[in-house]
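Working notes for the structure below.
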Amino acid sequence: MAKRTQPHWKAPEQIKRPVLKLYNSLTRQKEDFVPQDGNRVTWYSCGPTVYDSSHMGHARSYISFDILRRVLSDYFGYDVLYVMNITDIDDKIIKRARQNHLYEKYVQENYSLQKNLSDAKEVLDLFMGTVKTTTDLDKKCMIEKLLARMTSAVEKLEAAVKSNDDAKTKEAQK
(Lines of atoms letter the chains of each structure in order from A and count residues from 1; the text may use other names and numbers.)
(Lines give C-alpha, C1' and ligand atoms only; values in the text may rest on other atoms or scores of the structure.)
Protein backbone atom coordinates (compact mmCIF):
# COMPACT_ATOMS: atom_id res chain seq x y z
CA MET A 1 0.00 0.00 0.00
CA ALA A 2 1.39 3.39 -0.99
CA LYS A 3 1.90 6.17 1.48
CA ARG A 4 -0.49 9.02 1.25
CA THR A 5 1.15 12.35 0.41
CA GLN A 6 0.60 15.20 2.78
CA PRO A 7 -0.63 18.48 1.39
CA HIS A 8 1.86 21.33 1.52
CA TRP A 9 1.34 23.37 4.69
CA LYS A 10 2.37 26.95 5.22
CA ALA A 11 1.91 29.10 8.30
CA PRO A 12 -0.88 31.65 8.07
CA GLU A 13 0.27 35.13 7.35
CA GLN A 14 -0.08 37.48 10.23
CA ILE A 15 -2.30 40.37 9.37
CA LYS A 16 -0.52 43.64 9.93
CA ARG A 17 -2.94 46.00 11.53
CA PRO A 18 -2.52 49.74 11.26
CA VAL A 19 -0.63 51.41 14.07
CA LEU A 20 -2.56 53.94 16.11
CA LYS A 21 -0.52 56.98 16.99
CA LEU A 22 -1.59 59.34 19.75
CA TYR A 23 -0.18 62.66 20.84
CA ASN A 24 1.55 62.32 24.20
CA SER A 25 1.30 65.68 25.95
CA LEU A 26 4.07 64.65 28.37
CA THR A 27 6.67 63.98 25.66
CA ARG A 28 5.05 66.41 23.20
CA GLN A 29 5.20 63.98 20.32
CA LYS A 30 3.10 61.34 18.59
CA GLU A 31 3.73 57.84 19.89
CA ASP A 32 2.45 54.35 19.08
CA PHE A 33 -0.57 53.39 21.16
CA VAL A 34 0.13 50.22 23.13
CA PRO A 35 -2.67 48.88 25.38
CA GLN A 36 -1.62 47.98 28.92
CA ASP A 37 -3.39 44.62 28.77
CA GLY A 38 -2.53 42.92 25.47
CA ASN A 39 -5.28 43.62 22.95
CA ARG A 40 -7.77 44.88 25.56
CA VAL A 41 -8.47 48.59 25.87
CA THR A 42 -10.38 49.81 28.93
CA TRP A 43 -11.73 53.30 28.53
CA TYR A 44 -13.65 55.49 30.98
CA SER A 45 -15.25 58.76 29.97
CA CYS A 46 -16.87 61.07 32.50
CA GLY A 47 -19.59 61.90 29.97
CA PRO A 48 -22.17 64.67 30.23
CA THR A 49 -23.70 66.25 33.30
CA VAL A 50 -27.39 66.36 32.48
CA TYR A 51 -28.85 69.33 34.36
CA ASP A 52 -31.44 70.49 31.85
CA SER A 53 -33.26 69.28 28.76
CA SER A 54 -31.26 67.11 26.36
CA HIS A 55 -29.66 68.95 23.48
CA MET A 56 -27.32 68.37 20.55
CA GLY A 57 -24.27 68.74 22.79
CA HIS A 58 -25.30 65.60 24.66
CA ALA A 59 -25.85 63.74 21.39
CA ARG A 60 -22.47 64.91 20.13
CA SER A 61 -20.78 63.47 23.19
CA TYR A 62 -22.43 60.06 22.75
CA ILE A 63 -21.89 59.90 19.00
CA SER A 64 -18.28 61.13 19.01
CA PHE A 65 -17.15 58.63 21.61
CA ASP A 66 -19.11 55.82 19.98
CA ILE A 67 -17.38 56.52 16.66
CA LEU A 68 -13.96 56.45 18.37
CA ARG A 69 -14.86 53.18 20.12
CA ARG A 70 -15.92 51.63 16.81
CA VAL A 71 -12.72 52.75 15.09
CA LEU A 72 -10.64 51.22 17.89
CA SER A 73 -12.49 47.91 17.74
CA ASP A 74 -13.39 47.58 14.05
CA TYR A 75 -10.40 49.17 12.32
CA PHE A 76 -7.59 48.63 14.81
CA GLY A 77 -8.97 45.33 16.14
CA TYR A 78 -8.83 46.12 19.85
CA ASP A 79 -11.16 44.52 22.39
CA VAL A 80 -12.66 47.70 23.84
CA LEU A 81 -14.49 48.02 27.15
CA TYR A 82 -15.99 51.50 27.09
CA VAL A 83 -17.79 52.98 30.10
CA MET A 84 -19.43 56.41 30.12
CA ASN A 85 -20.72 58.00 33.29
CA ILE A 86 -23.75 60.25 33.15
CA THR A 87 -23.83 62.64 36.10
CA ASP A 88 -27.33 63.45 37.20
CA ILE A 89 -26.58 65.67 40.19
CA ASP A 90 -23.91 68.28 40.80
CA ASP A 91 -23.55 71.92 41.83
CA LYS A 92 -25.09 73.22 38.58
CA ILE A 93 -28.20 71.11 39.12
CA ILE A 94 -28.55 72.25 42.72
CA LYS A 95 -28.05 75.88 41.65
CA ARG A 96 -30.66 75.52 38.90
CA ALA A 97 -33.14 73.98 41.37
CA ARG A 98 -32.63 76.92 43.74
CA GLN A 99 -32.95 79.48 40.92
CA ASN A 100 -36.22 77.88 39.85
CA HIS A 101 -37.43 77.70 43.47
CA LEU A 102 -38.18 73.99 43.09
CA TYR A 103 -38.31 73.30 46.82
CA GLU A 104 -40.79 76.12 47.37
CA LYS A 105 -42.90 74.84 44.44
CA TYR A 106 -42.79 71.33 45.89
CA VAL A 107 -43.96 72.59 49.29
CA GLN A 108 -46.79 74.60 47.68
CA GLU A 109 -47.96 71.65 45.58
CA ASN A 110 -47.68 69.28 48.54
CA TYR A 111 -48.89 71.66 51.22
CA SER A 112 -49.58 68.88 53.68
CA LEU A 113 -46.73 68.70 56.16
CA GLN A 114 -47.57 65.03 56.68
CA LYS A 115 -47.00 64.44 52.94
CA ASN A 116 -43.64 66.23 53.16
CA LEU A 117 -42.65 64.08 56.14
CA SER A 118 -43.79 60.93 54.38
CA ASP A 119 -41.71 61.84 51.29
CA ALA A 120 -38.69 62.65 53.47
CA LYS A 121 -38.94 59.28 55.23
CA GLU A 122 -39.17 57.52 51.87
CA VAL A 123 -36.00 59.30 50.73
CA LEU A 124 -34.27 58.28 53.98
CA ASP A 125 -35.18 54.63 53.37
CA LEU A 126 -33.74 54.78 49.86
CA PHE A 127 -30.64 56.53 51.15
CA MET A 128 -30.12 53.83 53.79
CA GLY A 129 -29.94 51.32 50.95
CA THR A 130 -27.12 53.37 49.44
CA VAL A 131 -25.26 53.36 52.76
CA LYS A 132 -25.56 49.57 53.04
CA THR A 133 -24.21 48.91 49.54
CA THR A 134 -21.32 51.41 49.65
CA THR A 135 -17.97 49.64 50.05
CA ASP A 136 -15.53 52.57 49.95
CA LEU A 137 -14.90 53.38 53.64
CA ASP A 138 -14.33 57.13 53.21
CA LYS A 139 -17.44 57.47 51.08
CA LYS A 140 -19.45 55.33 53.50
CA CYS A 141 -18.35 57.51 56.44
CA MET A 142 -19.38 60.68 54.60
CA ILE A 143 -22.75 59.20 53.59
CA GLU A 144 -23.42 57.97 57.14
CA LYS A 145 -22.80 61.49 58.50
CA LEU A 146 -25.15 62.94 55.90
CA LEU A 147 -27.77 60.31 56.71
CA ALA A 148 -27.50 61.10 60.44
CA ARG A 149 -28.07 64.82 59.76
CA MET A 150 -31.02 64.08 57.49
CA THR A 151 -32.56 61.68 60.02
CA SER A 152 -32.12 64.24 62.81
CA ALA A 153 -33.83 66.95 60.74
CA VAL A 154 -36.78 64.68 59.89
CA GLU A 155 -37.16 63.58 63.52
CA LYS A 156 -37.02 67.20 64.72
CA LEU A 157 -39.71 68.23 62.24
CA GLU A 158 -41.86 65.23 63.13
CA ALA A 159 -41.65 66.07 66.85
CA ALA A 160 -42.53 69.71 66.15
CA VAL A 161 -45.58 68.70 64.11
CA LYS A 162 -46.76 66.34 66.86
CA SER A 163 -46.42 69.13 69.46
CA ASN A 164 -48.89 71.32 67.48
CA ASP A 165 -46.60 74.31 68.18
CA ASP A 166 -46.48 76.48 65.04
CA ALA A 167 -43.28 78.26 66.14
CA LYS A 168 -41.44 74.95 66.64
CA THR A 169 -42.75 73.63 63.33
CA LYS A 170 -41.58 76.73 61.43
CA GLU A 171 -38.18 76.52 63.14
CA ALA A 172 -37.84 72.82 62.28
CA GLN A 173 -38.64 73.54 58.62
CA LYS A 174 -35.59 75.80 58.22
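Okay, so the sequence shown: first residue is 1 according to the UniProt record's numbering, each after it adds one. For every residue, glycine included, the Cβ atom is placed at its ideal position computed from N, Cα and C. No experiment lies behind these values; they were computed from the predicted model shown.
From what residue to what residue does the beta strand (DSSP E) around residue i run?
i: Lys30; result: Gln29 to Asp32
i: Lys21; result: Lys21 to Asn24
Would you kindly check if the distance between the Cβ of residue j and the Cβ of residue i is under 8 Å?
i: Ser64; j: Gly47; result: no
i: Ser73; j: Val80; result: yes
i: Asn24; j: Glu13; result: no
i: Val123; j: Glu144; result: no
i: Val50; j: Ile86; result: yes
i: Met142; j: Phe127; result: no
Classify residue i as helix, strand or coil using the three-state DSSP reduction.
i: Asp79; result: strand
i: Asn116; result: helix
i: Asp37; result: strand
i: Lys16; result: coil
i: Lys174; result: coil
i: Thr87; result: strand
i: Thr49; result: strand
i: Gln42; result: The amino acid occupying residue 42 in the given sequence is Thr; Gln does not appear at that position. Thr42: strand per DSSP, three-state reduction.
i: Arg98; result: helix
i: Thr134; result: coil
i: Lys168; result: helix
i: Lys92; result: helix
i: Lys10; result: coil
i: Lys121; result: helix
Closer than 7 Å to a non-hydrogen atom of the ligand MG - does that hold for the CB of residue i?
i: Asn85; result: By its list of ligands, the structure shown contains no ligand whatsoever, and the ligand MG lies outside what it can speak to.
What are the boundary residues of the alpha helix (DSSP H) that includes residue i?
i: Leu137; result: Leu137 to Ser163
i: Lys102; result: A quick correction: the sequence has Leu, not Lys, at residue 102. From DSSP, the alpha helix (DSSP H) with Leu102 extends over Leu102 to Glu109.
i: His58; result: Met56 to Arg70
Measuring CA to CA, which of the options is closest to residue i?
i: Leu157; options: Phe76, Ser118 and Lys140; result: Ser118
i: Asn116; options: Val154, Met142, Gly77 and Asn100; result: Val154
i: Asp52; options: Gln99, Lys10, Asp74 and Val41; result: Gln99
i: Asp166; options: Cys141, Leu113 and Thr134; result: Leu113
i: Leu68; options: Tyr44, Asp91 and Ala120; result: Tyr44
Does the Cβ of residue i have 16 or more other Cβ atoms within 10 Å, making it buried, or fewer, making it exposed?
i: Leu22; result: exposed
i: Tyr78; result: buried
i: Leu146; result: exposed
i: Ala172; result: buried
i: Val41; result: buried
i: Ala160; result: buried
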